[in-house]
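**Student:** Just dropping this structure here.
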Amino acid sequence: MGGLESNSNSNTSLFIGPENGSQELRRTGDPADHGPRYIPPWTTPYVIGVGGSSGSGKTSVAAKIISSINTPWTVLISLDNFYKPLTQDQREQAFQNNFDFDEPGSIDLDLAYECIRSLREGKKTSIPVYSFIHHNRVPGKSVNIYGSSVIVVEGIYALYDKRLLDLMDLKVYVDVDLDVCLARRLSRDIISRGRELDGCIQQWEKFVKPNAEKYVKPSMKNADVIIPSMGNNAVATQTVINHIKSRLQVKSRKHLQELRDLGHTNELKPLSEMENVHQLEYTSQVVALKTILLDKYTPRDDFVFYFDRIASILISRALDDIPLHPKKHIITPTGIELNAPPVHFDKVASINIVRSGDCFMRSLKKAVPGMAMGKLLIQSDSNTGEPQLHCEFLPPGLEKYEQVLLADAQIISGAAVIMAIQVLLDHGVPLSKIKVLVYLATEVGIRRIVNAFSSSVTIHAGEIVATEALGTHHCKWARKRFIDSKYFGCD
Numbered sequence: 001m002g003g004l005e006s007n008s009n010s011n012t013s014l015f016i017g018p019e020n021g022s023q024e025l026r027r028t029g030d031p032a033d034h035g036p037r038y039i040p041p042w043t044t045p046y047v048i049g050v051g052g053s054s055g056s057g058k059t060s061v062a063a064k065i066i067s068s069i070n071t072p073w074t075v076l077i078s079l080d081n082f083y084k085p086l087t088q089d090q091r092e093q094a095f096q097n098n099f100d101f102d103e104p105g106s107i108d109l110d111l112a113y114e115c116i117r118s119l120r121e122g123k124k125t126s127i128p129v130y131s132f133i134h135h136n137r138v139p140g141k142s143v144n145i146y147g148s149s150v151i152v153v154e155g156i157y158a159l160y161d162k163r164l165l166d167l168m169d170l171k172v173y174v175d176v177d178l179d180v181c182l183a184r185r186l187s188r189d190i191i192s193r194g195r196e197l198d199g200c201i202q203q204w205e206k207f208v209k210p211n212a213e214k215y216v217k218p219s220m221k222n223a224d225v226i227i228p229s230m231g232n233n234a235v236a237t238q239t240v241i242n243h244i245k246s247r248l249q250v251k252s253r254k255h256l257q258e259l260r261d262l263g264h265t266n267e268l269k270p271l272s273e274m275e276n277v278h279q280l281e282y283t284s285q286v287v288a289l290k291t292i293l294l295d296k297y298t299p300r301d302d303f304v305f306y307f308d309r310i311a312s313i314l315i316s317r318a319l320d321d322i323p324l325h326p327k328k329h330i331i332t333p334t335g336i337e338l339n340a341p342p343v344h345f346d347k348v349a350s351i352n353i354v355r356s357g358d359c360f361m362r363s364l365k366k367a368v369p370g371m372a373m374g375k376l377l378i379q380s381d382s383n384t385g386e387p388q389l390h391c392e393f394l395p396p397g398l399e400k401y402e403q404v405l406l407a408d409a410q411i412i413s414g415a416a417v418i419m420a421i422q423v424l425l426d427h428g429v430p431l432s433k434i435k436v437l438v439y440l441a442t443e444v445g446i447r448r449i450v451n452a453f454s455s456s457v458t459i460h461a462g463e464i465v466a467t468e469a470l471g472t473h474h475c476k477w478a479r480k481r482f483i484d485s486k487y488f489g490c491d
């Protein structure tokens, strides 16, 4: 998103070596599958609801929470985006300040519930965009959200609907005198939303204040925490923030423990006997290339050249079983007619884990010119070591490709690759289509990947360092990332 496996120049992984304190993991849905399963952090996000009257300072409280917990994977969802589309007659009423935007029926709480539930399940979700200038949703425009670890839901009716309340881990109500709310609302509507003063006051007296007293104030009883005001009660706000931080730390530790436990298995089957794990044979060429790549004094130009060579071999092996299609009629250069099966290389995509996976870029382009490519940036938190998804750029319609190559030059703990595979699964790519390409990997990293996905992912590795060898002086080089640093000249 060093500790856990990071795609920057990090130190030894926290996950190499003896692994103790195994805990029971959540299981897959298949009753016959009793192995551990990887649970990504965005499928168990921490959901915070912030409610209160219009102008109470909900947005300021939500912004303070987000800035204080300092987690980049925090999403602020305003219920203002879920106002229902208006008919032409309703829009005319709205422009005359005669439409009630402050009663519960004006907000599409059904859609809000579906979107937040979808995010809580770890799915990619589209949030509508509402224009207060045009009093309607912006046609064809939405915000796509994916991979959120913390979700903050803010709005006057954030604590009103029981379905939304059931999705929340913490419910905060911001309680401010309605006269103060009026002053704040006038400032916001006139400056930010281009409204007229008389219209704002008319709307306040006719709709906002009565609905606040009838619907919004009673929702205070649903709150876990009531903050009287942002300015006068900084202690209460900080107490809420400290509570959220402590809960997130517990969640992070649990995620790390689950990743560690993936290295445990009752059956230590040799990797060589696993049908889904393929290591390059120790031919003279492969051994010689390993020697060159491990040599500290190999010039960078030579390192890049020979890594591209070994990468091309790995890619070739991965494409050996590319699906054949029904035979088609062809004519050879000598004029002989044949019926031969073709393959569709345009149905092969590659996803590189930045930056290590980018070492495969040139070889991939040579192997399949025009190949669709995507990138995932997954790095480890510098304090906790937890792997975190920073961003994802994936080709559209990725689930329709016949093979998806997931490239990472070096695997130490396996955490980044596990998270990357989960991202592909969330985007509809079946495990059977995913192939991991890696030059250098540790046995424990490979076992974690295999255990996380029930041996359903195919792995092609150039060199796998056994756990026993990893503890010796001769294999310490495998405990630290160096391939991407030397390839890109960053060492």
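Counted the way the UniProt record's numbering counts, the sequence shown spans residues 1 to 491.
Glycine included, each C-beta is placed from N, C-alpha and C at the ideal position.
Does the distance from the C-beta atom of I69 to that of I127 stay below 8 Å?
**Tutor:** For the purposes of this step, residue 69 is identified with residue 69 of the sequence shown, where counting begins at 1. For the purposes of this step, residue 127 is identified with residue 127 of the sequence shown, where counting begins at 1. Their beta carbons are not under 8 Å apart, which means I69 does not touch I127 by this criterion.
**Student:** Give me the Cβ distance between A62 and E196, rounded to the nearest whole Å; I'm assuming they're in contact under 8 Å.
**Tutor:** As a first step, residue 62 is located in the sequence shown; it is residue number 62 there, counting from the start. As a first step, residue 196 is located in the sequence shown; it is residue number 196 there, counting from the start. Not confirmed; about 28 Å, so no contact.
**Student:** Report the rounded CA-to-CA distance for V216 versus Q422, giving the unit in angstroms.
**Tutor:** As a working note, residue 216 is residue 216 in the sequence shown. As a working note, residue 422 is residue 422 in the sequence shown. A straight line joining the alpha-carbon of V216 with that of Q422 spans about 40 Å.
**Student:** Decide if the segment 50-58 is in contact with the segment 423-434; the criterion is three or more beta carbon pairs, one per stretch, under 8 Å apart.
**Tutor:** no
**Student:** Can you pull the DSSP bridge partners for N339?
**Tutor:** For this step, residue 339 is matched to residue 339 along the sequence shown. N339 is bridged to H329.
**Student:** Is the distance from the Cβ of I418 to the Cβ of R448 below 8 Å?
**Tutor:** Position 418 of the sequence shown holds residue 418. Position 448 of the sequence shown holds residue 448. Cβ atoms of I418 and R448: closer than 8 Å.
**Student:** Enumerate in chain order the residues of its own chain whose CB-to-CB distance from residue 495 is below 8 Å, with the five nearest sequence positions on each side excluded.
**Tutor:** Residue 495 is absent from the structure shown; the chain starts at 1 and stops at 491.
**Student:** Take the Cβ of I101 as the centre, count every other Cβ of all protein chains shown within 10 Å, and call the residue buried at 16 or more, exposed below.
**Tutor:** Walking along the sequence shown from the start, residue 101 turns up at place 101. At residue 101 the sequence reads Phe, which differs from the Ile that was named. Buried.
**Student:** Where do the N-terminal and C-terminal ends of the beta strand (DSSP E) with H460 fall, by residue?
**Tutor:** For this step, residue 460 is matched to residue 460 along the sequence shown. Note, H460: beta strand (DSSP E), 458-465.
**Student:** Starting from F305, follow the alpha helix (DSSP H) in both directions and report where the run begins and ends.
**Tutor:** Sequence index remark: in the sequence shown, residue 305 carries index 305 (1-based). 300-318 is the span of the alpha helix (DSSP H), which, as asked, contains F305.
**Student:** Here's the rule: buried if 16 or more other CB atoms are within 10 angstroms of the residue's CB, otherwise exposed. What is G57?
**Tutor:** Along the sequence shown, one-based indexing puts residue 57 at 57. Flag for G57 reads buried.
**Student:** Taking C-alpha atoms, which residue in K480, L424, K435 lies nearest to L294?
**Tutor:** In the sequence shown, counting from the first residue as 1, residue 294 sits at position 294. Closest option to L294, Cα to Cα, is K480.
**Student:** Short check: CB of P85 to CB of N144, under 8 Å?
**Tutor:** Within the sequence shown, residue 85 is the residue found at index 85, counting from 1. Within the sequence shown, residue 144 is the residue found at index 144, counting from 1. Not a contact, by the Cβ cut-off of 8 Å.
**Student:** Y146 to G122, Cα distance in whole Å?
**Tutor:** For the purposes of this step, residue 146 is taken as the residue at position 146 of the sequence shown. For the purposes of this step, residue 122 is taken as the residue at position 122 of the sequence shown. Rounded to whole angstroms, Y146 to G122 spans 7 Å at the Cα level.
**Student:** I'd like the span of the beta strand (DSSP E) that includes K375, first residue to last.
**Tutor:** Reading the sequence shown from its first residue, position 375 is the one you call residue 375. K375 -> beta strand (DSSP E) spans 372-380.
**Student:** Please classify L364: does DSSP put it in a helix, a strand, or coil?
**Tutor:** Here the question's residue 364 lines up with position 364 in the sequence shown. It is helical.
**Student:** Specify the secondary structure class of residue 498 as computed by DSSP and reduced to three states.
**Tutor:** It is not possible to answer for residue 498, since the shown part of the chain is limited to 1 through 491.
**Student:** Go through its chain and collect everything with a Cβ distance to I330's Cβ below 7 Å, but skip five positions before and after it.
**Tutor:** Reading the sequence shown from its first residue, position 330 is the one you call residue 330. Answer for I330: L338, A340, listed in chain order.
**Student:** Taking the beta strand (DSSP E) that T334 belongs to, which residues open and close that run?
**Tutor:** Taking the sequence shown and counting its residues from 1, the one referred to as residue 334 is at position 334. T334 -> no beta strand (DSSP E), and no H or E assigned at all.
**Student:** Count the other C-beta atoms from every protein chain shown that fall within 10 angstroms of the C-beta of G140, then say buried if there are 16 or more, exposed otherwise.
**Tutor:** Looking up residue 140 in the sequence shown gives position 140. Exposed, by the Cβ-count rule.
**Student:** Roughly how many angstroms lie between the CA atoms of Q403 and Y487, to the nearest whole one?
**Tutor:** Here residue 403 refers to the residue found at position 403 of the sequence shown. Here residue 487 refers to the residue found at position 487 of the sequence shown. Near 26 Å, if we compare the C-alpha coordinates of Y487 and Q403.
**Student:** Is the beta carbon of P41 closer than 8 Å to that of H255?
**Tutor:** Here the question's residue 255 lines up with position 255 in the sequence shown. Here the question's residue 41 lines up with position 41 in the sequence shown. Yes, they are a contact pair.
**Student:** Around the Cβ of D189, are there at least 16 other Cβ atoms within 10 angstroms (buried) or fewer (exposed)?
**Tutor:** For the purposes of this step, residue 189 is taken as residue 189 along the sequence shown, with counting starting at 1. Classification of D189: buried, given that the 10 Å Cβ count is 16 or more.
**Student:** Inspect the beta-carbon positions of T74 and V152 and report whether they are closer than 8 Å.
**Tutor:** Locating residue 74 in the sequence shown gives position 74, counting from the first residue. Locating residue 152 in the sequence shown gives position 152, counting from the first residue. Annotated as proximal: T74 and V152, with beta-carbon spacing under 8 Å.
**Student:** Would you report the Cα separation of L262 and S246, rounded to the nearest angstrom?
**Tutor:** The residue you call residue 262 lines up with position 262 of the sequence shown. The residue you call residue 246 lines up with position 246 of the sequence shown. Those two C-alpha atoms are separated by around 25 Å.
**Student:** Per DSSP, what kind of secondary structure is T125 in: helix, strand or coil?
**Tutor:** As a first step, residue 125 must be located in the sequence shown, where it is residue number 125. The answer is strand: DSSP assigns T125 an E or B state.
**Student:** Secondary structure at L293, three-state DSSP: helix, strand or coil?
**Tutor:** Reading the sequence shown from its first residue, position 293 is the one you call residue 293. Three-state DSSP puts L293 in a helix.
**Student:** Please give me, in chain order, every unbroken run of the beta strand (DSSP E) with length at least 3 that falls completely inside the segment 142-171.
**Tutor:** 150-154
**Student:** Between the beta-carbon of K366 and the beta-carbon of S316, is there less than 8 Å?
**Tutor:** As a working note, residue 366 is residue 366 in the sequence shown. As a working note, residue 316 is residue 316 in the sequence shown. The answer is no: Cβ separation not under 8 Å.
**Student:** Measure the CB-CB distance between L440 and A420 and report whether it falls below 8 Å.
**Tutor:** Mapped onto the sequence shown, residue 440 falls at position 440. Mapped onto the sequence shown, residue 420 falls at position 420. No. Outside cutoff.
**Student:** Can you tell me the Cα-Cα spacing of P210 and A158, whole angstroms?
**Tutor:** Here the question's residue 210 lines up with position 210 in the sequence shown. Here the question's residue 158 lines up with position 158 in the sequence shown. About 18 Å.
**Student:** Quick one: measure Cβ to Cβ for L389 and G374, integer angstroms, because I've assumed they're closer than 8 Å.
**Tutor:** Here residue 389 corresponds to residue number 389 of the sequence shown, with the count starting at 1. Here residue 374 corresponds to residue number 374 of the sequence shown, with the count starting at 1. Going by Cβ atoms, the distance from L389 to G374 rounds to 13 Å, so no, they are not a contact pair.
**Student:** Check the DSSP bridge columns for H473 and list the partner residues they point to.
**Tutor:** Sequence index remark: in the sequence shown, residue 473 carries index 473 (1-based). None, per the DSSP bridge assignment.
**Student:** With hydrogens ignored, establish whether the beta-carbon of N144 is closer than 7 Å to any heavy atom of the ligand COA.
**Tutor:** The ligand COA is absent from the structure shown, which contains no ligands of any kind.
**Student:** Restricting to runs no shorter than 3 residues, where is the beta strand (DSSP E) found entirely within the segment 29-114?
**Tutor:** Listed in chain order, the complete beta strand (DSSP E) runs (minimum 3 residues) inside the segment 29-114 are 46-52, 74-78.
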